[in-house]
Each structure stands twice: as C-alpha cells, then as structure tokens.
Amino acid sequence: MPNAALGPSPRGQCGRKERLMENLKNSARVLGYIKGILNYKETPGYVLLNPGPVLTTPRVKAALVHHDTCHRDTDFAVLVRNLRSKLKKVFRGDERHEVVLITGSGTSGIEATISSTIPEDKKILVLINGAFGERYREVATVHRLNMEVLDFGWCNPMDVSAVEAKLAADPEICAVMLAHHETSVGLINPIGEIGAICRRYDRLLLVDAVSSLGAEDLDVVRDNIDICLSSANKAMQAIAGVAFVCVNDRAWKVIETVRPRVYYLDLKRYRKYAIEEELTPFTPAVNGFFALDAAVDELLEDGVESRWELYRERNRFLRENFLSMGLTFLDVAGQRSSTLTIVKVPEYITYSELYDRMKGYGFIIYGCKGILTDTYFQIANMGDLSDEMLQSFVNTLQFVLYRARREAGLAADMVEEPKVVDAIR
Numbered sequence: 002m003p004n005a006a007l008g009p010s011p012r013g014q015c016g017r018k019e020r021l022m023e024n025l026k027n028s029a030r031v032l033g034y035i036k037g038i039l040n041y042k043e044t045p046g047y048v049l050l051n052p053g054p055v056l057t058t059p060r061v062k063a064a065l066v067h068h069d070t071c072h073r074d075t076d077f078a079v080l081v082r083n084l085r086s087k088l089k090k091v092f093r094g095d096e097r098h099e100v101v102l103i104t105g106s107g108t109s110g111i112e113a114t115i116s117s118t119i120p121e122d123k124k125i126l127v128l129i130n131g132a133f134g135e136r137y138r139e140v141a142t143v144h145r146l147n148m149e150v151l152d153f154g155w156c157n158p159m160d161v162s163a164v165e166a167k168l169a170a171d172p173e174i175c176a177v178m179l180a181h182h183e184t185s186v187g188l189i190n191p192i193g194e195i196g197a198i199c200r201r202y203d204r205l206l207l208v209d210a211v212s213s214l215g216a217e218d219l220d221v222v223r224d225n226i227d228i229c230l231s232s233a234n235k236a237m238q239a240i241a242g243v244a245f246v247c248v249n250d251r252a253w254k255v256i257e258t259v260r261p262r263v264y265y266l267d268l269k270r271y272r273k274y275a276i277e278e279e280l281t282p283f284t285p286a287v288n289g290f291f292a293l294d295a296a297v298d299e300l301l302e303d304g305v306e307s308r309w310e311l312y313r314e315r316n317r318f319l320r321e322n323f324l325s326m327g328l329t330f331l332d333v334a335g336q337r338s339s340t341l342t343i344v345k346v347p348e349y350i351t352y353s354e355l356y357d358r359m360k361g362y363g364f365i366i367y368g369c370k371g372i373l374t375d376t377y378f379q380i381a382n383m384g385d386l387s388d389e390m391l392q393s394f395v396n397t398l399q400f401v402l403y404r405a406r407r408e409a410g411l412a413a414d415m416v417e418e419p420k421v422v423d424a425i426r
C-alpha cells in the first residue's frame with residue numbers, strides 16, 4: 002500500500018510516522034479501518050451500477066481521511082503540482098499542455114471550457130447526438146454565445162462530412178464542442194476524425210471526456226484535442242466534486258483574448274494560480290484532491306490500457322448475461338461504450354419497480370434521460386466492482402425478472418432467490 006493512502010503529517014514524530022507507514026503497507030488493515038467507519042453509518046452500502054459516482058477502493062476512501070490541511074500551504078501546493086502532472090499523463094499530453102483543477106462536477110469543466118474560449122465575434126459549433134450535447138447548447142445559450150448546431154438526433158452517429166462542410170462554409174466558427182462518450186445513448190463519438198478536420202481548418206476542438214477518460218482510447222495529441230475536460234467520479238474512480246481541464250498552447254492563445262464571462266469558472270484565473278502559486282484560485286475540495294491523487298496513482302500503477310481492458314471484459318460479461326435473459330439493448334449505430342450497457346425495460350415490469358426491487362437486494366441501477374426515460378435503463382461497469390459483485394448482480398436481476406414474469410402471469414423457469422448484498426465488504 003503506497004504512502005499516499007492516509008497522508009501522515011511530515012511534522013509528526015519519526016516513530017509515529019514510521020508506524021503509520023507500516024500500517025499503510027497492509028491493505029487488509031486499511032480495509033478493516035474503512036469497514037469499521039462505514040459500519041457506523043445509518044445507511045447501507047449499495048453496489049453502484051450507475052455511471053458515476055462509482056464505488057471507490059479502500060485506498061481512495063482512506064485518502065479522504067487526512068489531516069486538516071490549509072489550501073494555501075506549500076504541502077498542498079506540492080500535491081496540486083504532482084496531481085496536475087499525473088493527470089497530464091492520463092490525458093497523454095505533452096509540454097504544450099497544462100491541466101487545471103476545478104472544484105465542481107464535470108459540468109463545471111464544461112461551462113469553464115465553453116465560457117472561457119469563444120471570442121465575442123466568433124462562433125462555437127455544438128455537435129449533438131444525446132443529452133450532453135444538448136447541455137453544451139444550453140450552456141452556450143446562457144452565456145449568449147454566437148452558436149451553430151449540428152443535431153444528428155439521439156442515438157445517431159455523427160456525420161463527419163457534415164462537420165467538415167460546416168467548417169468550410171463558416172469561417173466565423175472558431176471551435177467545435179462534442180462529447181467523446183455521449184453517456185445518455187452509450188455512443189463513442191469519432192473525436193480523432195473530427196480533430197483532424199478541426200486542425201485542417203485551424204479551429205479548436207473542445208472535448209467532454211467526463212465519461213471516457215480512463216475508460217476509452219483517448220490521446221489529446223494524437224486526436225488533435227485542444228481542450229479536454231473530465232471529472233473524478235467516473236472512470237477515474239475517485240469521489241465526486243473535482244473537475245479537471247487539459248488545455249494546449251493553441252487554446253490558451255485564444256483564451257487569453259476572451260473577456261471573462263464568469264468569475265469562478267474563468268480558465269485564465271485557474272491557469273494564473275496554477276503557474277504562479279501551484280494552487281487553485283479558490284478554496285478547493287481539499288480532501289477530494291487527496292482522494293483523486295490516490296485514484297490517479299492507482300490508475301497509473303495498473304496502467305491506463307489495463308483499465309480499458311478491464312472495463313471491456315466486464316462489459317462483455319454483462320451483455321452476454323443480459324442476452325441470455327432475453328433482454329434487448331438500445332439500437333445504436335457506431336462504436337458503443339465499454340463502460341455501460343443500455344437495456345430495454347421488459348414489458349412486464351416498470352422501470353421504477355425494477356429500480357426499487359434491485360435496490361432492495363443492494364444494487365443501484367440507473368434510469369435513462371430524455372426520449373429514453375422509463376423505456377430503457379443503464380448498467381455501468383466502472384468503479385471498484387469485484388467479479389463476485391457482478392455475478393451477484395446478474396443472479397439478482399435474473400431472479401427479479403423471473404418474479405415479475407410470474408406476477409404478470411407469464412411462463413418463467415424457476416430461479417432461486419439471491420441474498421441481499423452490501424457494498425461494505
């Protein structure tokens with residue numbers, strides 16, 4: 002167990018520090034501490050199969066229990082500097098890139114990116130094929146930006162030729178915004194192809210990688226991404242509350258010309274503090290930063306590609322079992338997500354009934370948005386999920402559907418009732 006898990010104070014006595022370090026090497030003991038704390042909570046622990054926040058490891062949970070820390074102290078500056086450097090590795094950035102950290106959800110990174118990047122005399126082109134594309138349009142509308150939209154319709158792949166035609170026809174468009182993983186429909190959008198087009202026409206590419214960083218193949222250099230944002234509580238497997246934005250030198254040159262539209266989410270302000278103070282301009286979620294640092298260490302130690310493969314294998318396991326139950330999936334064309342599966346709600350049970358029954362056995366599933374509400378549900382496979390948890394989930398879902406079929410008067414093969422699970426393990 003690496004030293005970062007509990008973060009003992011450097012001012013403590015040497016003997017105490019050595020004892021703490023020895024304790025941190027024993028992962029079983031750390032897990033025991035965590036379980037002891039969680040057992041005092043009034044609410045039970047659920048297995049989270051929603052697409053974030055996700056289950057976190059004992060090491061990440063332990064990192065939250067840290068000495069109270071001043072956000073302007075040099076010790077915290079060291080953490081921020083190292084965390085920015087490690088996140089740049091996850092983005093696969095180089096010396097042209099800087100990462101800034103924002104306390105907020107992934108949407109704070111989205112709003113910071115859009116509001117800080119578009120000059121008043123230029124336009125943003127928003128690409129939509131699901132709920133989060135629509136969110137970019139809403140953010141741009143709130144900030145009264147000049148905007149063009151290519152709406153391909155929910156569940157449809159993006160037409161790269163249409164993007165190129167739009168850029169060729171309108172020189173006032175200075176940036177293109179899209180989601181890498183449009184989570185609402187489970188589609189991976191072609192950022193590499195669109196990035197090549199943006200670079201050819203000398204436009205900025207802004208990418209929301211909230212649901213893809215750490216889960217899908219992404220490289221800000223290879224894919225010609227000028228600004229890429231993400232957050233802590235999905236494939237990074239940390240806790241909610243921290244967003245981070247990776248910006249290259251091309252984008253900073255544009256951002257420096259834009260009059261700030263917001264105070265808290267002004268990227269220029271975050272860059273200034275990151276460079277001059279190695280800190281953030283406002284009080285951050287200090288303990289969330291420690292947890293994120295532990296989660297990024299886990300990701301880099303395991304290997305980003307290994308995390309991708311783990312998610313793909315989990316996704317294959319779930320899809321195969323769903324098919325064996327006679328369930329069907331959302332029909333989408335294009336590359337599908339490896340971190341979630343969108344399943345049609347069977348006609349013999351409602352989504353709310355399915356949710357309540359699965360929760361009763363210790364599992365949290367997730368409803369779909371927009372036109373898919375109540376007709377489809379999502380099962381995500383991110384986070385600290387064990388094989389035993391996933392098998393237990395499959396067994397439980399099979400039983401719940403069996404009972405629902407019997408209640409509806411439909412034929413169903415007998416399924417044994419499973420035990421209730423608890424994520425405090």
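Numbering follows our numbering, with no gaps: position 193 of the sequence shown is 194.
Think of the CB as a built atom: it goes at the ideal place given N, C-alpha and C, for glycine as much as any other residue.
### Given 8 angstroms, three or more beta-carbon pairs between the stretch 345 to 364 and the stretch 310 to 321
no
### Task
Starting from V395, follow the alpha helix (DSSP H) in both directions and report where the run begins and ends.
D388 to E408
### Message
Only counting the same chain, and skipping five residues up and downstream in sequence, which positions put a Cβ closer than 7 angstroms to that of R97?
### Response
N249 and D250
### Message
For C71, count the other beta carbons within 10 Å of its own beta carbon; 16 or more makes it buried, fewer makes it exposed. Which is it?
### Response
exposed
#### Entry: Minimum length 3: unbroken beta strand (DSSP E) runs contained in the stretch 94 to 168
98 to 104, 124 to 129 and 147 to 152
### Query
Within 10 angstroms of its Cβ, does I103 collect 16 or more other Cβ (buried), or is it exposed?
buried
### Task
Have a look at F92 and R358 and give me their C-alpha separation to the nearest angstrom.
39 angstroms
#### Entry: Backbone secondary structure at T58 - three-state DSSP
coil
#### Entry: Reduced DSSP secondary structure (H/G/I, E/B, other) of M359
helix
### Task
Could you tell me the distance, in whole angstroms, from the CA atom of T184 to the CA atom of N234?
14 angstroms
### Query
The beta strand (DSSP E) spanning N249 covers which residue range?
V243 to N249
### Query
What distance in whole Å lies between the Cβ atoms of R201 and I174, which are believed to be in contact at a cut-off of 8 angstroms?
Not a contact, Cβ separation roughly 13 angstroms.
### Query
With DSSP run on the structure shown, which of helix, strand or coil describes A78?
helix
### Message
Closest to M178 by C-alpha separation, out of W155, Y137 and D294, would be which residue?
### Response
Y137
### Message
Report the CB separation of C268 from A132 in whole angstroms; it is logged as a contact under 8 angstroms.
### Response
With the sequence shown as reference, residue 268 is identified as Leu, and Cys is not the correct amino acid for it. Not confirmed; about 24 angstroms, so no contact.
### Message
Just to confirm the assignment: which complete beta strand (DSSP E) runs, minimum length 3, are found wholly within the stretch 242 to 300?
### Response
243 to 249
### alpha helix (DSSP H) segment containing L324, residue limits
V305 to S325
### Query
How big is the Cα-Cα spacing for F77 and L219?
29 angstroms
### Task
Name the two residues that bound the continuous alpha helix (DSSP H) containing C199.
I192 to R201
### Message
For P52 and A286, I'd like the C-alpha separation in whole angstroms.
### Response
22 angstroms
### Query
What whole-angstrom Cβ distance do L341 and A381 have, given they're in contact under 8 angstroms?
4 angstroms
### Query
For K345, which of helix, strand or coil comes out of DSSP?
strand
### Query
Just to confirm, does F318 get its C-beta within under 6 angstroms of one of the non-hydrogen atoms of the ligand MG?
This structure simply doesn't include the ligand MG, nor any ligand for that matter.
### Query
Can you list, in chain order, the residues of its chain whose CB lies under 6 angstroms from that of A252, leaving out five sequence neighbours each side?
L205, D227 and I228
### Task
Would you check if the distance between the CB atom of Y362 and the CB atom of F378 is smaller than 7 angstroms?
no
### Query
With a Cβ-Cβ cutoff of 7 angstroms, do A244 and G134 count as a contact?
no
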